[in-house]
Amino acid sequence: MSADSKVLDSWFLAEFATPEALVDATRQMREKYGYEGMDTYSPYPLHGGSEALGLPPSRVPFIALGGALTGMATAIAMMAYMNGYDYPINVGGRPIYSLPAYVPITFELTVLFAAFGIFFGLLGLSRLPQPYHPVYEHEAFRTATTHGYWLSVPKTVSVQADTIMEQLKSLGATQVTVVTGEKE
Amino acid sequence: MAETAATHLPPGVDPLEPRMLVAPHHDDASLNETLLDHVWRKPGKGWFLLFGIALVGLGMFLVAVTMTLARGIGVWGNNQPNGWAFDIVNFVWWVGIGHAGTLISAILLLFQQKWRTSINRFAEAMTIFAVICAGQFPLLHTGRPWFAFWLLPYPSTLGAWPQFRSPLDWDVFAVSTYFTVSLLFWYVGLIPDLAALRDSSPGKIQRVVYGLFSLGWRGSGRHWHNYKIGYLLLAGLSTPLVLSVHTIVSFDFATGLIPGWHATIFPPYFVAGAVFSGFAMVITLIVPARKYLNLRDVITDRHLENMNKVILATGLIVSYGYMMEHFIAWYSGSEYEIWTFYVNRARGPYWQVYWLMIACNVITPNIFWFRKCRTSIPIMWVASIVVNIGMWCERFIIIVTSLTQDFLPSSWDLYSPTWVDWCLYIGTLGLFSTLFLLFLKFVPAVAISEVKELQLELKHAAHHAAHGHDTHGAH
Chain A
0 MSADSKVLDS WFLAEFATPE ALVDATRQMR EKYGYEGMDT YSPYPLHGGS EALGLPPSRV
60 PFIALGGALT GMATAIAMMA YMNGYDYPIN VGGRPIYSLP AYVPITFELT VLFAAFGIFF
120 GLLGLSRLPQ PYHPVYEHEA FRTATTHGYW LSVPKTVSVQ ADTIMEQLKS LGATQVTVVT
180 GEKE
Chain B
0 MAETAATHLP PGVDPLEPRM LVAPHHDDAS LNETLLDHVW RKPGKGWFLL FGIALVGLGM
60 FLVAVTMTLA RGIGVWGNNQ PNGWAFDIVN FVWWVGIGHA GTLISAILLL FQQKWRTSIN
120 RFAEAMTIFA VICAGQFPLL HTGRPWFAFW LLPYPSTLGA WPQFRSPLDW DVFAVSTYFT
180 VSLLFWYVGL IPDLAALRDS SPGKIQRVVY GLFSLGWRGS GRHWHNYKIG YLLLAGLSTP
240 LVLSVHTIVS FDFATGLIPG WHATIFPPYF VAGAVFSGFA MVITLIVPAR KYLNLRDVIT
300 DRHLENMNKV ILATGLIVSY GYMMEHFIAW YSGSEYEIWT FYVNRARGPY WQVYWLMIAC
360 NVITPNIFWF RKCRTSIPIM WVASIVVNIG MWCERFIIIV TSLTQDFLPS SWDLYSPTWV
420 DWCLYIGTLG LFSTLFLLFL KFVPAVAISE VKELQLELKH AAHHAAHGHD THGAH
């Protein structure tokens with residue numbers, strides 16, 4: 000691929016030899032040159048990768064907490080309404096509203112809703128499922144899930160393509176290519 | 000099985016230092032090759048042979064289910080007073096087996112036990128399939144499984160709601176939640192590996208199919224950022240969940256008044272028994288699998304030894320449970336309890352099952368005090384099967400001896416299983432094996448991304464301990 004691609008909606012993809020080189024290059028690109036919206040790609044989470052990208056703390060725990068509280072409230076309200084109000088069942092004169100007997104199901108629904116929160120929260124925050132992404136225009140990028148370490152830098156109007164290529168190469172990139180998002 | 004584990008450390012090695020978790024000669028690319036290999040390779044004769052046997056078992060299951068549905072559960076050996084028998088024995092046994100999977104994945108992840116990474120995928124798959132098998136029994140036991148949805152709170156035209164103060168309804172919520180959360184946990188752990196499969200596919204069909212299941216995962220740092228915390232939280236949720244599920248299963252008994260059931264020791268004792276049988280099942284499955292799938296580099300002897308230590312520990316807890324049951328029966332002074340524990344179980348009509356249980360569950364695990372037994376592949380494999388038989392006997396003893404002879408001698412009756420009962424039980428073994436073999440064919444048996452991460456950490460640790468030994472590293 001040539002570097003003279005002038006499409007604005009495009010990404011630079013740089014491969015690095017080791018995870019350490021990738022993390023280091025990411026941090027320098029962001030701190031030294033001020034690039035935003037970059038992303039790293041690796042087969043497993045990079046140590047220090049989130050910090051290098053400058054990501055804020057994940058919102059997944061809050062979504063999980065919301066799910067847990069929803070589950071708890073749902074369970075207690077459900078059992079109190081169904082067994083206490085709408086269809087009271089008298090078993091040997093035992094209390095109709097019986098909180099201790101509600102504990103197991105309340106616990107289970109709390110966990111269930113929290114797990115749904117985590118799962119769908121994870122997908123939502125990551126914008127998955129995503130059947131197509133322009134980075135796959137580059138066939139070599141497929142190593143990102145097996146043994147490659149990649150960095151993507153979105154093209155900005157103000158910076159020349161050659162400059163970005165040079166910067167990436169000086170930080171240790173073994174190959175740099177440009178992919179476009181035209182097909183998206 | 001001529002293979003034996005290396006038991007001797009090289010000279011000069013500190014015996015307190017942990018031994019290797021991943022064979023040191025691997026890098027990311029070679030790990031891919033080793034760990035993805037069994038998915039891309041054509042399955043061998045051995046796989047087809049096992050799959051054939053599993054399908055025979057599955058056929059037996061279908062025959063037994065058809066018989067049960069066509070004729071009603073009268074074809075089982077259940078009678079009055081033995082309303083619960085083989086079906087509930089098998090249900091509790093299978094749920095228990097599932098527990099090791101969650102424990103390995105969740106508790107060991109929370110405790111940052113690095114040896115877990117190689118076996119968690121395996122163990123979680125085992126959990127899911129075991130819970131599927133477990134679920135068949137209560138469903139069939141309702142007699143009319145097509146009305147099983149009556150157990151769920153749905154706006155029914157009957158105008159009735161389930162009875163939420165009943166432990167049987169707690170079971171419905173506990174087991175279905177357990178299954179759902181285990182499945183989510185397993186799937187979330189699988190996504191990066193499914194993406195790796197997609198990206199190393201030899202053909203277009205595989206790429207599309209694995210592509211669908213991997214949801215477009217591309218190892219993005221922004222995704223990993225959420226993924227790491229999400230996975231950890233799911234593990235955190237699974238940990239109390241696994242304890243609650245078997246606790247609730249034990250409530251089915253403990254809230255009953257039958258002598259032999261009405262015991263406060265039941266929840267912890269059932270959970271320990273579940274871990275005991277679950278880890279034994281992991282050993283039973285992993286020993287042949289690591290051999291035939293060439294996974295010995297990632298499922299090392301240290302893994303097996305650690306699991307045997309867990310079997311020993313939980314076996315001792317189970318033994319303590321038996322002791323307490325007997326002690327409380329004597330201490331309570333209740334003649335019914337004393338009859339059940341000291342006369343009926345040990346010397347009654349099912350005394351063989353009782354003593355088999357003692358031999359399997361109390362005596363067998365103690366061989367793991369000896370390092371030689373903990374590290375010998377043939378010994379641990381046989382012992383793990385013995386433990387599973389023992390735990391099945393335990394559930395049989397708890398349920399059947401308590402029901403056959405309770406308070407009123409005039410209502411006593413013996414229980415014996417019919418061929419349908421046996422077919423159903425062996426059939427679920429076939430169902431389990433079928434699912435497991437399909438899993439081994441289509442999905443990496445080891446969590447590849449986690450092993451790679453561990454590999455990197457080990458390299459770093461080895462680098463820091465510059466004067467150390469190259470096979471060491473993990474703390």
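Each protein sequence line maps, in turn, to chains A and B. If you read the first sequence in numbering that gives the first Met the number 0, its first letter stands for residue 0, the second for the next number, and so on. If you read the second sequence in numbering that gives the first Met the number 0, its first letter stands for residue 0, the second for the next number, and so on. All C-beta atoms in this analysis are idealised placements derived from N, C-alpha and C, irrespective of residue type, glycine included. Since this is a predicted model, take the numbers as computed values, not measurements.
query: Contact check, K308 (chain B) vs P42 (chain B) under 8 Å by CB: the rounded distance?
result: Locating residue 308 (chain B) in the second sequence gives position 309, where the first residue counts as 1. Locating residue 42 (chain B) in the second sequence gives position 43, where the first residue counts as 1. For a cut-off of 8 Å, the C-beta gap from K308 (chain B) to P42 (chain B) is around 33 Å, too long to register as a contact.
- request: Indicate the three-state DSSP secondary structure (helix, strand or coil) for E35 (chain A) in the structure shown.
  value: Residue 35 (chain A) sits at position 36 when you count from the first residue of the first sequence. If DSSP states are grouped into helix, strand and coil, E35 (chain A) belongs with coil.
message: Against T176 (chain B), what residues of chain A qualify as contacts under a CB-to-CB distance less than 7 Å, listed in chain order?
response: To locate residue 176 (chain B), count along the second sequence from 1; it is residue 177. Under the 7 Å cutoff, chain A gives E107, V110, L111.
Between the CA atoms of F395 (chain B) and N89 (chain B) - distance to the nearest angstrom: Counted from its first residue, the second sequence places residue 89 (chain B) at position 90. Counted from its first residue, the second sequence places residue 395 (chain B) at position 396. When rounded, the distance between both Cα atoms is 9 Å.
task: Please list the partners that I88 (chain A) has in chain B, where partner means a Cβ-to-Cβ separation under 7 Å.
output: As a first step, residue 88 (chain A) is located in the first sequence; it is residue number 89 there, counting from the start. Within chain B, the residues whose beta carbon sits less than 7 Å from that of I88 (chain A) are Q162, listed in sequence order.
- prompt: Using Cβ-Cβ distances below 7 Å, what residues of the segment 107 to 125 of chain B are close to chain A?
  reply: none
query: At a CB-CB cut-off below 8 Å, which residues of chain A make contact with W216 (chain B)?
result: Within the second sequence, residue 216 (chain B) is the residue found at index 217, counting from 1. What W216 (chain B) touches in chain A: L127, T144.
- request: Give a yes or no on whether the C-beta atoms belonging to D170 (chain B) and I247 (chain B) are separated by under 9 Å.
  value: One-based indexing of the second sequence puts residue 170 (chain B) at position 171. One-based indexing of the second sequence puts residue 247 (chain B) at position 248. Yes, the Cβ-Cβ distance between D170 (chain B) and I247 (chain B) is below 9 Å.
- request: Specify, as a first and last residue, the run of the beta strand (DSSP E) that S9 (chain A) falls within.
  value: Here residue 9 (chain A) refers to the residue found at position 10 when the first sequence is read from its first residue. Here the beta strand (DSSP E) through S9 (chain A) covers 9 to 15.
- prompt: Does any C-beta atom of chain B lie closer than 9 Å to the C-beta of S1 (chain A)?
  reply: Taking the first sequence and counting its residues from 1, one reaches residue 1 (chain A) at position 2. Per-residue confidence for S1 (chain A) stands at a pLDDT of 42, beneath the threshold of 50, marking its modelled position as unreliable; the derived number appears in the next sentence. For S1 (chain A), the answer is no, since every Cβ of chain B falls outside 9 Å of its Cβ.
Residues of the segment 166 to 194 of chain B with Cβ closer than 7 Å to any Cβ of chain C, in chain order: The chain inventory of the structure shown lacks chain C, comprising the protein chains A and B.
query: Shorter than 9 Å from the beta carbon of G51 (chain B) to some beta carbon of chain A?
result: If you number the second sequence from 1, residue 51 (chain B) lands on position 52. Using beta-carbon distances, G51 (chain B) does not count as an interface residue toward chain A, since no partner is under 9 Å.
task: Can you grab the Cα-Cα spacing for the pair A13 (chain A) / I447 (chain B), in whole Å?
output: Translated into positions along the first sequence, residue 13 (chain A) becomes position 14. Translated into positions along the second sequence, residue 447 (chain B) becomes position 448. Taking the straight line from one Cα to the other gives about 24 Å.
field: Cβ pair count under 8 Å reaching 3, the segment 219 to 232 of chain B against the segment 90 to 102 of chain B
entry: no
- request: Note the first and the last residue of the continuous beta strand (DSSP E) segment covering Q174 (chain A).
  value: Taking the first residue of the first sequence as position 1, residue 174 (chain A) is located at position 175. Residues 174 to 179.
message: Using 9 Å as the threshold, is the C-beta distance between G220 (chain B) and G36 (chain A) below it?
response: Your numbering for residue 220 (chain B) matches position 221 in the second sequence. Your numbering for residue 36 (chain A) matches position 37 in the first sequence. No, these two residues do not count as a Cβ contact at 9 Å.
- request: For T142 (chain A), I'd like the list of residues in its chain whose CB is within less than 7 Å of its CB, leaving aside the five on either flank, ordered along the chain.
  value: As a first step, residue 142 (chain A) is located in the first sequence; it is residue number 143 there, counting from the start. None.
task: Could you tell me if K371 (chain B) is buried or exposed, where buried requires 16 or more neighbouring beta carbons within 10 angstroms of its beta carbon?
output: Mapped onto the second sequence, residue 371 (chain B) falls at position 372. Exposed: under 16 other Cβ atoms inside 10 Å.
Alpha-carbon spacing of V342 (chain B) relative to D251 (chain B), whole angstroms: Translated into the one-based positions of the second sequence, residue 342 (chain B) becomes position 343. Translated into the one-based positions of the second sequence, residue 251 (chain B) becomes position 252. Cα to Cα, V342 (chain B) sits roughly 24 Å from D251 (chain B).
- request: Could you name the residues of the same chain whose beta carbon sits closer than 8 Å to that of S410 (chain B), not counting the 5 residues immediately before and after it, in chain order?
  value: As a position in the second sequence, residue 410 (chain B) is number 411, starting the count at 1. The residues are Q79, P80.
field: CB contact check: H37 (chain B) to chain A, cutoff 9 Å
entry: By one-based count along the second sequence, residue 37 (chain B) stands at place 38. Chain A, which has no Cβ nearer than 9 Å to the Cβ of H37 (chain B), makes this no.
- prompt: Can we say the segment 147 to 160 of chain B touches the segment 452 to 461 of chain B, given the rule of at least three CB pairs closer than 8 Å?
  reply: no
- prompt: Mind checking whether V555 (chain B) and A114 (chain A) have CB atoms under 9 Å apart?
  reply: It is not possible to answer for residue 555 (chain B), since the shown part of chain B is limited to 0 through 474.
message: Do L124 (chain A) and S57 (chain A) have their beta-carbon atoms positioned less than 9 Å apart in this structure?
response: As a first step, residue 57 (chain A) must be located in the first sequence, where it is residue number 58. As a first step, residue 124 (chain A) must be located in the first sequence, where it is residue number 125. Going by C-beta atoms, S57 (chain A) is nearer than 9 Å to L124 (chain A).
query: Can you name the start and end residues of the beta strand (DSSP E) that W185 (chain B) belongs to?
result: Within the second sequence, the letter at position 186 stands for residue 185 (chain B). DSSP places W185 (chain B) outside any beta strand (DSSP E); the residue lies instead in the alpha helix (DSSP H), whose first and last residues are 166 to 198.
message: Please give the ranges of any alpha helix (DSSP H) in the segment 36 to 63 of chain A, keeping only runs that are unbroken, at least 4 residues long and fully inside the region.
response: 48 to 52
message: My output table needs one value for L150 (chain A): the three-state DSSP class, helix, strand or coil.
response: For the purposes of this step, residue 150 (chain A) is taken as residue 151 along the first sequence, with counting starting at 1. In the structure shown, L150 (chain A) sits in a strand (DSSP, three-state: E or B).
Alpha-carbon to alpha-carbon, L150 (chain A) and I163 (chain A): Locating residue 163 (chain A) in the first sequence gives position 164, where the first residue counts as 1. Locating residue 150 (chain A) in the first sequence gives position 151, where the first residue counts as 1. Cα to Cα, I163 (chain A) sits roughly 12 Å from L150 (chain A).
- prompt: Going by DSSP, what residues sit across from S219 (chain B) in a beta bridge?
  reply: Residue mapping note: residue 219 (chain B) aligns to position 220 of the second sequence, counting from 1. For S219 (chain B), which the question treats as bridged, DSSP gives the partners A:Y40.
- request: Using a Cβ-Cβ cut-off of less than 9 Å, give me the residues of the segment 259 to 279 of chain B that come near chain A, in sequence order.
  value: none
message: If you reduce the DSSP assignment to three classes, tell me which class P17 (chain B) lands in.
response: In the second sequence, the residue the question calls residue 17 (chain B) occupies position 18. Because the pLDDT of P17 (chain B) is 45, which lies under 50, any placement of that residue in the model is unreliable, and the number read from its coordinates should be weighed accordingly. Note: P17 (chain B) maps to coil in three-state DSSP.
Where the alpha helix (DSSP H) through F265 (chain B) begins and ends: Taking the second sequence and counting its residues from 1, the one referred to as residue 265 (chain B) is at position 266. Run containing F265 (chain B): 265 to 291, per the alpha helix (DSSP H) assignment.
Under the three-state DSSP convention, the category H7 (chain B) falls into: Sequence index remark: in the second sequence, residue 7 (chain B) carries index 8 (1-based). Interpretation of H7 (chain B) is limited by its pLDDT of 44, a score under 50 that renders its predicted location unreliable; no figure is taken from the coordinates.
- prompt: Do F119 (chain A) and T73 (chain A) have their C-beta atoms closer together than 9 Å?
  reply: Position 120 of the first sequence, counted from the first residue, corresponds to residue 119 (chain A). Position 74 of the first sequence, counted from the first residue, corresponds to residue 73 (chain A). No. Outside cutoff.
- prompt: When Cβ atoms are compared, which residues of the segment 32 to 48 of chain A fall closer than 9 Å to chain B?
  reply: M37, D38, T39, Y40, S41, P42, Y43, P44, L45, H46, G48
query: Helix, strand or coil: which one does DSSP assign to Y414 (chain B)?
result: As a position in the second sequence, residue 414 (chain B) is number 415, starting the count at 1. Of the three classes helix, strand and coil, the one that applies to Y414 (chain B) here is coil, per DSSP.
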